[in-house]
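Count along the sequence shown starting at 1, add 1303, and that's the number in my numbering.
Idealized CB from N, CA, C, for every residue including glycine.
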Amino acid sequence: MEVSTVKSRRPETCLTATLHHLVIASPSPALLATFYQTALGYDIAERDGMFFAKALDRQLLFVAGRAKILEAAGFAVPDRAELERLRRRIDASHWPCRPGGSPLFVESISIRDPDGTELIFGVAQQQSAPLLEAQMWPARLQHVVMSSRDPERVVRFFMEVLGFTLSDNVIDPEGGVRTSFLRCSHEHHSFAVFKASEDRFDHHCYETKDWNQIRDWCDHMAKQNIPIQWGPGRHGPGNNLFMFVHDTDGNWVEISAELEVVEHDRPVGQWPHEQRTLNSWGQGLLRS
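Written as structure tokens, this is what we have:
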């Protein structure tokens, strides 16, 4: 599903951004980088103890640290004007914020969410030369998901401080919110958070084009002896096709297709906390 054509402009009170890169901690960053080179076709370069991974429409950085920790998520804004609007919004909220934060942005600001994860918003560097996909298929870095002991506080921060928009909630039988999906573009979600017993990184996702390329990515994983851990299936919220694998640290890695595209004034959806919400085709992994 193409997302470049939209019918109406998002209000200026809403953030406009896309997920640009992630900084992932690992006890063995070199081993983790090798996995992503094999699984997703990243080119790897080491600099100052960090491993930079780059491919078309996706970038990761791997640093030494505990497993299953997201050190930072970088979101690209379209221009300096949007960055300045965000800066003013954060200043008005009195939430601590600092300039800079990522070598992958020419200008950026950094802020930490209530659980301590660093979020960096910036203007992306211009690509000096086109990256070519050798024997790979499209896989644009698209969203990131966290678990939290207090997801409602995280959601308020993303909406009130940053200007994200709530797309859907997953509701348990007692009326409590178990999962929230938030967007900063016309795609259904760029960030999600679910209620859990600990604050940690859950997964990140790459968007490919269609069902046939989900099939091709599954075939590629099989050739590399990387087992499919969940899927193929279809999520309820977002209506996207999916498959999941584990990286060498046990982080979930998703490849998705046909994610729902929405207008800025779409009503917030509600879904029951059940397996069919996570996978309308079969088993759902209710990690929350």
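Exercise. The alpha helix (DSSP H) spanning Asn-1472 covers which residue range?
Worked result: Against the sequence shown, residue 1472 aligns to sequence position 169. From DSSP, Asn-1472 is part of no alpha helix (DSSP H) but of the beta strand (DSSP E) over 1468-1474.
Exercise. For the alpha helix (DSSP H) that Ser-1396 lies in, which residues bound it at each end?
Worked result: Sequence index remark: in the sequence shown, residue 1396 carries index 93 (1-based). Segment 1383-1396, the alpha helix (DSSP H) holding Ser-1396.
For this session: Go ahead and pull the three-state DSSP assignment for Glu-1603.
Result: Nothing about residue 1603 can be read from this structure; the chain reaches only from 1304 to 1591.
For this session: Keeping to the same chain, check which residues put their C-beta closer than 8 angstroms to that of Trp-1520; ignore five residues upstream and five downstream.
Result: As a first step, residue 1520 is located in the sequence shown; it is residue number 217 there, counting from the start. Non-local beta-carbon contacts of Trp-1520 in its own chain, meaning distances under 8 angstroms to residues more than five positions away in sequence, involve Trp-1440, Ala-1442, Thr-1511, Met-1546 and Ile-1558 in chain order.
Problem set entry | Inter-residue spacing [alpha-carbon to alpha-carbon] between Ser-1311 and Asp-1416 | Taking the sequence shown and counting its residues from 1, one reaches residue 1311 at position 8. Taking the sequence shown and counting its residues from 1, one reaches residue 1416 at position 113. Its pLDDT being 48, under 50, Ser-1311 is placed unreliably in this model, and the coordinates cannot settle the point.
Problem set entry | Ala-1358 versus Ser-1470 - alpha carbon distance | In the sequence shown, residue 1358 corresponds to position 55, counting from 1. In the sequence shown, residue 1470 corresponds to position 167, counting from 1. If I take the Cα positions, the gap works out to 29 angstroms.
For this session: For Pro-1332, I'd like the list of residues in its chain whose CB is within less than 7 angstroms of its CB, leaving aside the five on either flank, ordered along the chain.
Result: What you label residue 1332 is simply residue 29 of the sequence shown in a count that begins at 1. Excluding sequence neighbours, Pro-1332 sits near Phe-1354, Phe-1365, Val-1366 and Ala-1367.
For this session: Out of Phe-1497, Gln-1445, Ser-1413 and Val-1326, point me to the one whose CA is closest to Asn-1464's CA.
Result: Here residue 1464 is taken as the residue at index 161 of the sequence shown, counted from 1. A small correction: the amino acid at residue 1464 is Val; Asn does not occupy that position in the sequence shown. Looking only at Phe-1497, Gln-1445, Ser-1413 and Val-1326, the smallest Cα-Cα distance to Val-1464 is reached by Ser-1413.
For this session: Note down, in chain order, each residue of its chain lying with its Cβ closer than 7 angstroms to the Cβ of Ala-1384, except the 5 sequence neighbours on either side.
Result: As a working note, residue 1384 is residue 81 in the sequence shown. Counting only residues of its own chain and dropping the five nearest sequence neighbours on each side, Ala-1384 has no CB closer than 7 angstroms to any other CB.
Exercise. What beta strand (DSSP E) runs, 3 residues minimum, are completely inside the segment 1411-1462?
Worked result: Along the segment 1411-1462, the beta strand (DSSP E) occurs as fully enclosed runs of 3 or more residues at 1421-1427 and 1443-1451, listed in sequence order.
Problem set entry | Backbone CA spacing between Met-1304 and Thr-1551 [nearest angstrom] | Counted from its first residue, the sequence shown places residue 1304 at position 1. Counted from its first residue, the sequence shown places residue 1551 at position 248. For Met-1304, the predicted structure reports a pLDDT of 31, less than 50, and the residue's modelled location is therefore unreliable. A value from the coordinates is still provided. For Met-1304 and Thr-1551, the distance between alpha carbons rounds to 31 angstroms.
Exercise. Using DSSP with H/G/I as helix, E/B as strand and the rest coil, what is Asp-1346?
Worked result: Taking the sequence shown and counting its residues from 1, one reaches residue 1346 at position 43. Strand at Asp-1346.
Exercise. Short check: CB of Ile-1372 to CB of Arg-1456, under 9 angstroms?
Worked result: The sequence position of residue 1372 within the sequence shown is 69, counting from 1. The sequence position of residue 1456 within the sequence shown is 153, counting from 1. 9 angstroms or more divides the Cβ of Ile-1372 from the Cβ of Arg-1456.
For this session: Throw me the rounded Cβ distance for the Thr-1580 and Gly-1587 pair, which I believe falls under 8 angstroms.
Result: By 1-based counting over the sequence shown, the position of residue 1580 is 277. By 1-based counting over the sequence shown, the position of residue 1587 is 284. For Thr-1580 against Gly-1587, the beta-carbon gap comes to about 7 angstroms, under 8 angstroms, which counts as contact.
Problem set entry | Cβ-based neighbour list, Asn-1472, same chain, cut-off 6 angstroms, excluding 5 preceding and 5 following | For the purposes of this step, residue 1472 is taken as residue 169 along the sequence shown, with counting starting at 1. For Asn-1472, the CB contacts under 6 angstroms within the same chain, skipping 5 residues up- and downstream, are Val-1480, Ser-1483 and Gln-1573 in chain order.
For this session: Please classify Leu-1334: does DSSP put it in a helix, a strand, or coil?
Result: As a first step, residue 1334 is located in the sequence shown; it is residue number 31 there, counting from the start. Of the three classes helix, strand and coil, the one that applies to Leu-1334 here is helix, per DSSP.
For this session: Tell me, please, which residues DSSP counts as bridged to Arg-1537.
Result: Start at 1 with the first residue of the sequence shown, and residue 1537 comes out as number 234. Answer is Leu-1544.
Exercise. Lys-1526: buried (16+ other C-beta within 10 angstroms of its C-beta) or exposed?
Worked result: In the sequence shown, counting from the first residue as 1, residue 1526 sits at position 223. Exposed is the call here.
For this session: Can you say whether Ser-1329 is buried or exposed, counting buried as having 16 or more other CB atoms within 10 angstroms of its CB?
Result: The count along the sequence shown starts at 1 and reaches residue 1329 at position 26. Looking at its Cβ environment, which holds 16 or more other Cβ atoms inside 10 Å, Ser-1329 is buried.
Exercise. Does the beta-carbon distance from Ile-1347 to Thr-1337 come in below 9 angstroms?
Worked result: What you label residue 1347 is simply residue 44 of the sequence shown in a count that begins at 1. What you label residue 1337 is simply residue 34 of the sequence shown in a count that begins at 1. Cβ atoms of Ile-1347 and Thr-1337: closer than 9 angstroms.
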